[in-house]
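Numbering (the working numbering), first residue to last: 12 to 207. Note that CB positions come from ideal geometry on N, CA and C, so glycine has one too. Accompanying notes for the structure given below.
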């Protein structure tokens, strides 16, 4: 059997990302509409070209083509992608319990850090591989989960200074860290792909 790491990683990351989108929809983080999830699937399939992402589709193709080896490996990596999301969810489960002042420290919430790194990697990959309209939908889908509105908050804060507003160091710090974390995610996405 030929080792097709690119295909397997497409299944892994596609399934992990889909699970992330569905979990976000279930928790109210992303609009849980048919259109929203449909758009998410368009983005995932455009990004991970050739990946099935949904085990039911893989099984159907496997049964029809009688290609048990390829189908079995795709299913394995899809399951590992879902398990990967579960591991991230477990890691993030007790986030934000560092103390009363935890909200003032950007690095206190592992959920936020993981979301920014993984989301940055996914968005960068979408941006590199897909047409602009797909990237636009990807950014819209990630807007709430990744705190992509941080630039708006910083801009409003700076504009408020002219009107006797206050300067929020935490707001600026969080925005800068979010940008750095998403950039690290994009870098990791490229480096991982180069190694495959």
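- Assignment of residue 13 by DSSP, reduced to helix, strand and coil, places it in the coil class.
- Under the three-state reduction of DSSP output, residue 82 falls in the helix class.
- Residue 22 sits close to residue 88, with the two beta carbons spaced by under 8 Å.
- When the beta-carbon positions are compared, residue 25 and residue 59 come within less than 8 Å of each other.
- Going by beta carbons, residue 195 and residue 131 fall inside the 8 Å limit.
- For residue 134, the enclosing alpha helix (DSSP H) stretches over residues 121-140.
- Pairing residue 149 with residue 47, the inter-Cα distance amounts to about 11 Å.
- The criterion of a C-beta distance shorter than 8 Å is satisfied by residue 28 and residue 133.
- The beta-carbon separation of residue 138 and residue 126, rounded to 17 Å, does not stay under the 8 Å limit for a contact.
- Rounded to whole angstroms, residue 72 and residue 19 show a C-alpha spacing of 16 Å.
- Separation of residue 64 and residue 200 (C-alpha to C-alpha, rounded to the nearest whole angstrom) is 18 Å.
- Inter-residue distance for residue 54 and residue 135 is about 12 Å (C-alpha atoms, whole angstroms).
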